[in-house]
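Trainee: So the sequence shown is numbered by the numbering used here: it starts at 43 and just counts up by one. No residue lacks a Cβ here, since even glycine has one placed at the ideal position from N, Cα and C.
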Amino acid sequence: MNALLTIESLSAHHGQLPAVRDVSLQVRQGDILALVGANGAGKTTLLRTLAGAHRASGGTVRWDGVDITRMPANERVAEGLALVPEGRRLFAGMTVRENLLVARAAGRRGQWSFDTVLDAFPQLVPKLNAGAGELSGGQQQAVAIGRALMTNPRVLLLDEVSLGLSPLAVRGVYDALRGVMGQGTTLILVEQDLQRVQAVASRIVCMLEGSVVADAPADQLTRAQITAFYFGVQRPDPAPGGGATGSANGEAADDASRAPQAHQTHQTHQAHQAHQTHQAHKEVA
Ligand code: ATP
Numbered sequence: 043m044n045a046l047l048t049i050e051s052l053s054a055h056h057g058q059l060p061a062v063r064d065v066s067l068q069v070r071q072g073d074i075l076a077l078v079g080a081n082g083a084g085k086t087t088l089l090r091t092l093a094g095a096h097r098a099s100g101g102t103v104r105w106d107g108v109d110i111t112r113m114p115a116n117e118r119v120a121e122g123l124a125l126v127p128e129g130r131r132l133f134a135g136m137t138v139r140e141n142l143l144v145a146r147a148a149g150r151r152g153q154w155s156f157d158t159v160l161d162a163f164p165q166l167v168p169k170l171n172a173g174a175g176e177l178s179g180g181q182q183q184a185v186a187i188g189r190a191l192m193t194n195p196r197v198l199l200l201d202e203v204s205l206g207l208s209p210l211a212v213r214g215v216y217d218a219l220r221g222v223m224g225q226g227t228t229l230i231l232v233e234q235d236l237q238r239v240q241a242v243a244s245r246i247v248c249m250l251e252g253s254v255v256a257d258a259p260a261d262q263l264t265r266a267q268i269t270a271f272y273f274g275v276q277r278p279d280p281a282p283g284g285g286a287t288g289s290a291n292g293e294a295a296d297d298a299s300r301a302p303q304a305h306q307t308h309q310t311h312q313a314h315q316a317h318q319t320h321q322a323h324k325e326v327a
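1. Kindly indicate which three-state DSSP category R97 falls into: helix, strand or coil?
2. Count the other CB atoms, across all protein chains shown, that sit within 10 Å of the CB of V126; report buried if there are 16 or more and exposed otherwise.
3. Does the Cβ-Cβ distance between G175 and G135 come in under 8 Å?
4. Between T269, M223, T158, which has its C-alpha nearest L250's C-alpha?
5. Given L200, which residues of its chain have a CB within under 6 Å of its CB, disregarding the five upstream and five downstream residues?
6. Within 8 Å, do at least three Cβ pairs link the segment 49-64 to the segment 220-227?
7. How would you write the range of the beta strand (DSSP E) that I187 sits in, first residue to last?
8. Roughly how many angstroms separate the alpha carbons of M113 and G221, rounded to a whole number?
9. Collect the residues with a C-beta less than 5 Å away from any heavy atom of the ligand ATP and give them in sequence order along the chain.
10. Less than 8 Å separating the beta-carbons of A54 and T91?
11. What number of angstroms, rounded off, separates the C-alpha of E140 from the C-alpha of V275?
12. Which residue comes first and which comes last in the beta strand (DSSP E) that contains F63?
13. Going by the DSSP bridge assignment, what does I74 pair with across the sheet?
14. I believe L170 touches T137 by the beta-carbon criterion, under 8 Å. Please report the beta-carbon distance rounded to the nearest angstrom.
15. Taking all protein chains shown into account, do 16 or more other C-beta atoms lie within 10 angstroms of the C-beta of E233, making it buried, or fewer, making it exposed?
16. Within the continuous beta strand (DSSP E) that includes P259, where are the two ends?
17. Output the distance between the C-alpha atoms of G122 and R151, rounded to the nearest integer angstrom.
18. Please state if the CB of Y216 and the CB of G79 are separated by a distance shorter than 8 Å.
19. With a threshold of 6 Å on Cβ separation, who are the neighbours of A145 within its own chain once the five nearest residues in sequence on each side are excluded?
20. Beta carbon of F163, beta carbon of L143: below 8 Å?
21. Could you please give the first and the last residue of the uninterrupted beta strand (DSSP E) stretch that includes L125?
22. Return the first residue and the last residue of the beta strand (DSSP E) that T48 is part of.
23. What residue range is occupied by the uninterrupted alpha helix (DSSP H) comprising M223?
24. Does the distance from the C-beta atom of S204 to that of D235 stay below 8 Å?
25. Report back the beta-carbon spacing between V255 and C248 to the nearest angstrom; my notes put them in contact at under 8 Å.
26. Could you tell me whether the Cβ atoms of V69 and L75 are closer together than 8 Å?
27. By Cβ distance below 8 Å, which residues in the same chain neighbour A218 in space, the five residues on each side in sequence not counted?
28. Can you tell which of G252, D261, A260, L263 has the C-alpha that lies nearest to the C-alpha of T87?
29. Run through DSSP, which three-state label would I110 get?
30. Could you round the C-beta distance between V167 and L177 to whole angstroms and report it? I think they count as a contact, below 8 Å.
Following this line, the structure appears as structure tokens:
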């Protein structure tokens, strides 16, 4: 099957700082792709660049074969590429109903409508006339995802949907997302909870210092391997045929026969130092 989204050597900067470096990925319809990586790895910048909310400084993004690298964000939404941003960014002064309906005009026609979104998020029905700013974090996240669904995306980009939510609210959001996945929508999600990543993702991409260091089917990565890529502690282990296979230290090395394709760079080792921080340890669930 042809890729829906083809990312080739994509780079993005914040001022002089390279936040996304030479990233290449192919996303096929139905993929549930989880982007993992420590704080500052470039996940949010990558999602925002795909959505057109941040300018690419190099490389290309193709959508069904068409170069959309310079396409404005609103036109990408109309093509079926929607972002649920970190922090939700709802219209706090508008009601839940208005937040959902305002998105309708921006997107495509399709299976998602006001009614089907409420079927997916029934907890919003009694809140339709409430101001979005009055909702709990979990309810706000449901509105943010519902608002994106109202545009009938073919690819939904979800940035840390569980950030700041109670475990119960996170479960509610993911229960609803399971229904969305069941409808064939392609997802690219940034998620810090590795257990949840392994439960929902079909594919896991690990970023380190702006680069992709691992890209593999979720069932071919152990938790220890993901953690090792996350911290940049895997060793170079050249694979036959010119590719590079990542094997992790410690526990993960035991599973080297199932090691994913990985991009080994000098940065990987440098980043090992940079990412062995207290904060990063806390992020791994
Ligand atoms: P997090 O999990 O903390 O959101 P991330 O993997 O999503 O991290 P980004 O937020 O994309 O990473 O950040 C990538 C790099 O760009 C980091 O070094 C970060 O400090 C920097 N950066 C991000 N946003 C800005 C900004 N608005 N201005 C300047 N630098 C930024």
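Mentor: Let's see:
1. Stepping through the sequence shown from its first residue, residue 97 is reached at position 55. If DSSP states are grouped into helix, strand and coil, R97 belongs with coil.
2. Residue numbering aside, residue 126 sits at position 84 when the sequence shown is read from its first letter. Under this definition V126 is a buried residue.
3. The sequence position of residue 175 within the sequence shown is 133, counting from 1. The sequence position of residue 135 within the sequence shown is 93, counting from 1. Taking 8 Å as the Cβ cut-off, G175 and G135 qualify as a contacting pair.
4. As a position in the sequence shown, residue 250 is number 208, starting the count at 1. Checking every option, the nearest Cα to that of L250 belongs to T269.
5. Here the question's residue 200 lines up with position 158 in the sequence shown. The residues are V126, L231.
6. no
7. By one-based count along the sequence shown, residue 187 stands at place 145. That residue, I187, is in no beta strand (DSSP E); its alpha helix (DSSP H) goes 179-191.
8. Against the sequence shown, residue 113 aligns to sequence position 71. Against the sequence shown, residue 221 aligns to sequence position 179. Taking the straight line joining both Cα atoms gives about 30 Å.
9. H56, A61, N81, G82, A83, G84, K85, T86, T87
10. Position 12 of the sequence shown, counted from the start, is the residue given in the question as residue 54. Position 49 of the sequence shown, counted from the start, is the residue given in the question as residue 91. Going by C-beta atoms, A54 is nearer than 8 Å to T91.
11. Within the sequence shown, the letter at position 98 stands for residue 140. Within the sequence shown, the letter at position 233 stands for residue 275. Cα to Cα, the separation comes out at about 47 Å.
12. Mapped onto the sequence shown, residue 63 falls at position 21. As written in the sequence, residue 63 is Arg, which differs from the Phe given in the question. Note, R63: beta strand (DSSP E), 59-69.
13. In the sequence shown, residue 74 corresponds to position 32, counting from 1. Bridge partners of I74: L229.
14. As a first step, residue 170 must be located in the sequence shown, where it is residue number 128. As a first step, residue 137 must be located in the sequence shown, where it is residue number 95. Right, the Cβ-Cβ distance comes to about 7 Å (below 8 Å), so this counts as a contact.
15. Stepping through the sequence shown from its first residue, residue 233 is reached at position 191. It counts as buried.
16. Locating residue 259 in the sequence shown gives position 217, counting from the first residue. First-last of the beta strand (DSSP E) with P259: 253-259.
17. For the purposes of this step, residue 122 is identified with residue 80 of the sequence shown, where counting begins at 1. For the purposes of this step, residue 151 is identified with residue 109 of the sequence shown, where counting begins at 1. Roughly 10 Å between the two C-alpha positions.
18. As a working note, residue 79 is residue 37 in the sequence shown. As a working note, residue 216 is residue 174 in the sequence shown. Result no, Cβ atoms of G79 and Y216 do not sit closer than 8 Å.
19. For this step, residue 145 is matched to residue 103 along the sequence shown. Result list for A145: R189, M192, T193, in chain order.
20. To locate residue 163, count along the sequence shown from 1; it is residue 121. To locate residue 143, count along the sequence shown from 1; it is residue 101. Result no, Cβ atoms of F163 and L143 do not sit closer than 8 Å.
21. Reading the sequence shown from its first residue, position 83 is the one you call residue 125. Per DSSP, L125 belongs to the beta strand (DSSP E) from 123-126.
22. The sequence position of residue 48 within the sequence shown is 6, counting from 1. Per DSSP, T48 belongs to the beta strand (DSSP E) from 47-56.
23. For the purposes of this step, residue 223 is taken as residue 181 along the sequence shown, with counting starting at 1. That run of the alpha helix (DSSP H) goes 209-224.
24. Start at 1 with the first residue of the sequence shown, and residue 204 comes out as number 162. Start at 1 with the first residue of the sequence shown, and residue 235 comes out as number 193. In this structure, D235 lies closer than 8 Å to S204 by Cβ.
25. Locating residue 255 in the sequence shown gives position 213, counting from the first residue. Locating residue 248 in the sequence shown gives position 206, counting from the first residue. 5 Å between Cβ atoms; contact.
26. On the sequence shown, position 27 is the one that residue 69 refers to. On the sequence shown, position 33 is the one that residue 75 refers to. Yes, the pair counts as a contact, with Cβ atoms nearer than the cut-off.
27. Taking the sequence shown and counting its residues from 1, one reaches residue 218 at position 176. So the qualifying residues of the chain are A162, F163, A184, I187.
28. Counting from one through the sequence shown, the residue named residue 87 turns up at place 45. Measuring from the Cα of T87, the nearest candidate turns out to be G252.
29. As a first step, residue 110 must be located in the sequence shown, where it is residue number 68. Correct three-state label for I110: coil.
30. Position 125 of the sequence shown, counting from 1, holds the residue named residue 167. Position 135 of the sequence shown, counting from 1, holds the residue named residue 177. With 8 Å as the limit, V167 and L177 do not qualify as a contact, their Cβ atoms being about 13 Å apart.
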